[in-house]
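Residue numbering for the sequence shown follows our numbering, starting at 9 and increasing by one per position.
Don't be surprised by glycine CBs; every beta carbon is placed ideally from N, CA and C.
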Amino acid sequence: MKKIFIVIYGLLLFAHPVTAAPKHGLSLYGPQDLKYNPGQPYDYANPNAPKGGNLILADFGAFTKLNPASLKGVTAPGIGQLVFQTAMDSSTDDDEPFSQYGNLVEKAEVAEDHLSLTYYLYKQAKFSDGYPLTADDFVFSFNLIKDPQYHPIYKEYFKDIKSIEKIDAHTVRYHFAIHNQELPLITGQMIILPKHIYGAKGKTFGSDFDDIAVASGPYTIEKYDYGKYITYKRNPNWWGKSIAINKGRYNFDRVTYKIYLDPVAQREAFKGGEFDMQLVNSSRDWALDYKGDFVKKGYYLRTEFPHTRIAGMQGFAMNMRKEIFKSRKARAALAMVFDFEWSNKNLFYGQYTRNDCYFDNNPEMKSKRIATGEVKILLESLRAKYKSSVPKTALTKPVGAPGQGSSAERNIKVANALLDSAGWKMGSDGIRSKGKDKMEFELLLAGPGFQRIAEPYKNNLKKIGVHMTIKVIQIAEYEERLRNFKFGMVVAGYPQSRSPGNEQSYMWGSKSADIPGSRNYMGIKNPALDELIEKIIAAKNRKDLVLNIQALDRILTHQYYVVPHWYISYDRAVYWNKFGRPRVNASQSAVNNNLLEWWWWDNDKAEKLKKARAAGTSIN
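As structure tokens, this is what we get:
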């Protein structure tokens, strides 16, 4: 799913807008782009998939809450996917850049001026406690975003949705402040919460409802223990099981997440059969592990699942709220001494590709050449208006990590020169300083897995007079510090969709830099980016969208806000040989999500596995 949640409320009266005919789905540039007809299941579903079995998965780090929308704490794994529902369901089909089909909504009707959207709700929709789901719950969920305990990231995301209007018990209308092709689809990503539960008097949204989790999804919470596990039970009376988009979906009777606090313990627990799938994010583990007797005997399968998701950007994000990261030259120097080629060869077993930009793994949006044509004209106009906010190199050089393709020795030499030029003088202790500020900072990690990658980087930073401390902390503290920007550098990931839009504002919009909980970890305040974000949001066709995305990408890349890492175009997973899966893989979705939603328990495979393990023989 590309985006989630809610909006700002305004009490206004509107005349009935002129609308197009109601449709069973929404697509970015019109209903003609919808791939699926009413009543048609997804291609990546098996409508005849059997129900049954108990799926056991693992999660790293303890959860502290059951409320997926509140600001504080760590949300229980799987709850947003299994328990809570949004108005619409996003297709993960490769043939649809951004399309949605009715989840709680039977039909949707977009006004011809694109300033309003009407939803016609399924009349049979209800919550897990039997209460009907109505327009009142939509209105309540919309207004709830004003609660100070609601996560602020969504305020920015939904800021252009002006109000919601109840037409009748099963009809609501959203009103928009601006023309934005994406806004109708964005409304479909709001989680709908029950008014009769969360609207109770004397209760606070952020804390008092953690043990309730009444919602309209296919599962309910059966049992849980903070820090240990959570088990979801498939609701046999789930109202949505007969809807076409849910055919062959949510097939397991129970889904349990076991919580592990140590990655080594988690890996060994999988081998012992304590849970069913291990998504392998470590290149070392993939290269050297999961190749033993159990693989040879067919007990568990070691599989690469190709995907077509845009890679986005992963990297060491520099917090420019701190003085040492404010200079572009200094940021370039810090980025240059990360030796990806060495890391890929010696740590990653050659499995990764270097991040060139923020829209990697997508030939449509990514451009490696110097700026030409309309992109060049756009960047020139922005540079004339905003000067240093648009580096000259954004026009004259391709996208790419600084120093990429040069030797480590040369990059260290250039990095030292850059820091000299930026006024950072080498001290007698080997650490640079500028006035009262020393070139030293802390890299904050949520787990030990990144230490082996950070240590060589730390050694290279020392060669240019920079002292980096590596600190590993528990996930709850990490989330709190991340939320309040209490760090020097962190590992940040910025995944992108094939239809970038409003989410760009809370990743690098100037306003988001001062909002706790935003994804603007770097503290970016760049007027040229702000203007491009507005153009991206307002784009009325694919050509304009891509033009502005390429300009945005070039500025982000050449401002050196992050130290670019790497990406991989396939998911690596090992799983016990007891599942069936659809013929078509939903390649826009991660394999662990596909397992959760589209795979099924295969009784025959499970029995063969059980017998083979007991006898110590191979599976026939």
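### Test item: CB-CB of Val91 and Ala221 under 7 angstroms
It is a contact, given that the beta carbons lie within the stated cut-off.
### Task
Buried or exposed for Arg181, please, with buried defined as at least 16 other CB atoms from any protein chain shown within 10 angstroms of its CB.
Residue environment analysis places Arg181 among the buried positions, since at least 16 neighbouring C-beta atoms fall within 10 angstroms of its C-beta.
#### Entry: Sufficient close CB pairs (3 or more, under 8 angstroms) joining the segment 404-422 to the segment 447-457
Not touching, per the Cβ criterion.
### Query
What are the partner residues of Arg362, as DSSP defines its beta bridges?
Beta bridge pairing from DSSP links Arg362 with Trp574.
#### Entry: Close beta carbons around Asn534, own chain, < 6 angstroms, minus the five adjacent residues each side
Result list for Asn534: Ser397, in chain order.
### Task
Give every residue of the same chain whose Cβ lies closer than 8 angstroms to the Cβ of His122, excluding the five residues on either side of it in the sequence, and list them in chain order.
Counting only Cβ-Cβ distances below 8 angstroms, and skipping sequence neighbours, we find Phe184, His187, Asn188, Gln189, Leu191, Pro192.
### Query
With respect to the alpha helix (DSSP H) encompassing Gln322, which residues constitute its N-terminal and C-terminal limits?
Here Gln322 belongs to no alpha helix (DSSP H); instead the beta strand (DSSP E) covers 321-326.
### Spatial distance of Gly306 from Leu269 (CA atoms)
Gly306 and Leu269: Cα-Cα distance of roughly 29 angstroms.
### Query
When burial is assigned at 16 or more other CB atoms within 10 Å of the CB, is Ser436 buried or exposed?
In summary, Ser436 is exposed, with fewer than 16 beta-carbon neighbours lying within 10 Å of its beta-carbon over all protein chains present.
### Query
CB-CB under 6 angstroms to Asn259, same chain, minus the five flanking residues each way: which ones, in chain order?
Excluding sequence neighbours, Asn259 sits near Ala57, Lys59, Trp608.
### Query
On the premise that Gly323 lies in contact with Val571, defined as a C-beta separation below 8 angstroms, what is that separation, rounded to the nearest angstrom?
Indeed they touch by this definition, with Cβ atoms about 5 angstroms apart.
### Task
Taking 7 angstroms as the cut-off, decide whether the C-beta atoms of Gln645 and Gly33 are in contact.
Outside the displayed range of the chain (9 to 628) lies residue 645, so it cannot be described from this structure.
### Query
So, is Phe13 buried or exposed, given that buried needs 16 or more other C-beta atoms within 10 angstroms?
Any reading at Phe13 must be qualified, since the residue scores a pLDDT of 31, below 50, and its modelled position is unreliable; no value is offered.
### Query
Is the CB-CB distance between Trp247 and Lys134 below 7 angstroms?
Taking 7 angstroms as the cut-off, the beta carbon of Trp247 is found closer than this to the beta carbon of Lys134.
### Anticipated Cβ contact below 8 angstroms, Asp145 with Ile200, distance rounded
Sure, about 5 angstroms apart at Cβ, within 8 angstroms.
### Task
Measure from the alpha carbon of Ser98 to the alpha carbon of each residue in Leu427, Ser35, Ile541, then state which is nearest.
Ser98 has its Cα closest to that of Ser35, out of Leu427, Ser35, Ile541.
### Task
State the beta-bridge partners of His566 as determined by DSSP.
Note: His566 sits in no beta bridge, so no partner.
#### Entry: Bridge partner(s) assigned by DSSP for Pro535
DSSP output for Pro535 lists no bridge partner at all.
### Query
Taking the beta strand (DSSP E) that His475 falls in, what are its first and last residues?
His475 -> beta strand (DSSP E) spans 475-480.
### Query
Of the choices Thr401, Ser224, Tyr165, whose alpha-carbon is the least far from that of Ile87?
Answer by Cα proximity: Ser224.
### Task
Evaluate Thr477 with the Cβ neighbour count: other Cβ atoms within 10 Å of its Cβ, from every protein chain shown; 16 or more gives buried, anything less gives exposed.
Taking all protein chains shown into account, Thr477 has fewer than 16 neighbouring C-beta atoms within 10 Å of its C-beta and is therefore exposed.
### Query
Where Arg377 and Thr239 are concerned, what is the direct C-alpha to C-alpha distance, given to the nearest angstrom?
CA-to-CA, the gap between Arg377 and Thr239 works out to about 50 angstroms.
### Message
Residues in the same chain with beta-carbon distance under 8 angstroms from Lys10, minus the five sequence neighbours each way, listed in chain order, please.
### Response
Per-residue confidence for Lys10 stands at a pLDDT of 39, beneath the threshold of 50, marking its modelled position as unreliable; the derived number appears in the next sentence. Apart from the 5 residues on each side of it in sequence, Lys10 sits with its Cβ closer than 8 angstroms to the Cβ of Ser98, Phe106, Gln197, Ser505, Ser507, Glu511 in its chain, given in chain order.
### Task
Can you say whether Tyr502 is buried or exposed, counting buried as having 16 or more other CB atoms within 10 angstroms of its CB?
Taking every protein chain shown into account, the CB of Tyr502 has 16 or more other CB atoms within 10 angstroms, so this residue is buried.
### Task
Label Tyr158 either buried or exposed according to how many other C-beta atoms from any shown protein chain fall within 10 Å of its C-beta, with 16 as the threshold for buried.
When all chains shown are included, Tyr158 counts as buried.
### Task
Would you list the residues sitting across from Ser124 in a DSSP beta bridge?
Ser124 is bridged to His183.
### Message
What residue range does the alpha helix (DSSP H) around Leu403 cover?
### Response
That run of the alpha helix (DSSP H) goes 401-404.
### Message
I'd like to know if the segment 319-338 and the segment 597-606 are in contact, where contact means that at least 3 CB-CB pairs between them fall below 8 angstroms.
### Response
Touching, no.
### Query
Going by alpha carbons, who is nearest to Tyr237 out of Asp261, Asp102, Phe283, Gly256?
With distances taken between Cα atoms, Tyr237 lies closest to Phe283.
### Task
Can you have a look at Arg460 and say buried or exposed, based on whether 16 or more other CB atoms are within 10 angstroms of its CB?
Its Cβ having fewer than 16 others within 10 Å, Arg460 is exposed.
### Message
Taking only three categories from DSSP, how would you classify Ile87?
### Response
It is helical.
### Task
State the Cα-Cα distance for the pair Ile172 and Pro140, rounded to the nearest angstrom.
Using only the alpha carbons, I get a separation of about 20 angstroms.
### Message
When you compare the CB positions of Phe71 and Ala53, do they come within less than 7 angstroms of one another, or not?
### Response
Not a contact, by the Cβ cut-off of 7 angstroms.
### Message
Less than 7 angstroms between C-beta atoms, sequence neighbours within five positions excluded: which residues of the same chain meet that for Ile557?
### Response
Cβ within range, chain order: Phe367, Met373, Pro508, Ile544.
#### Entry: Proximity winner among Thr625, Lys618, Asp579, relative to Pro314 (alpha-carbon distances)
Out of Thr625, Lys618, Asp579, Asp579 has the C-alpha closest to the C-alpha of Pro314.
### Query
Mapping DSSP to helix, strand and coil, what is Trp350?
Helix, per DSSP.
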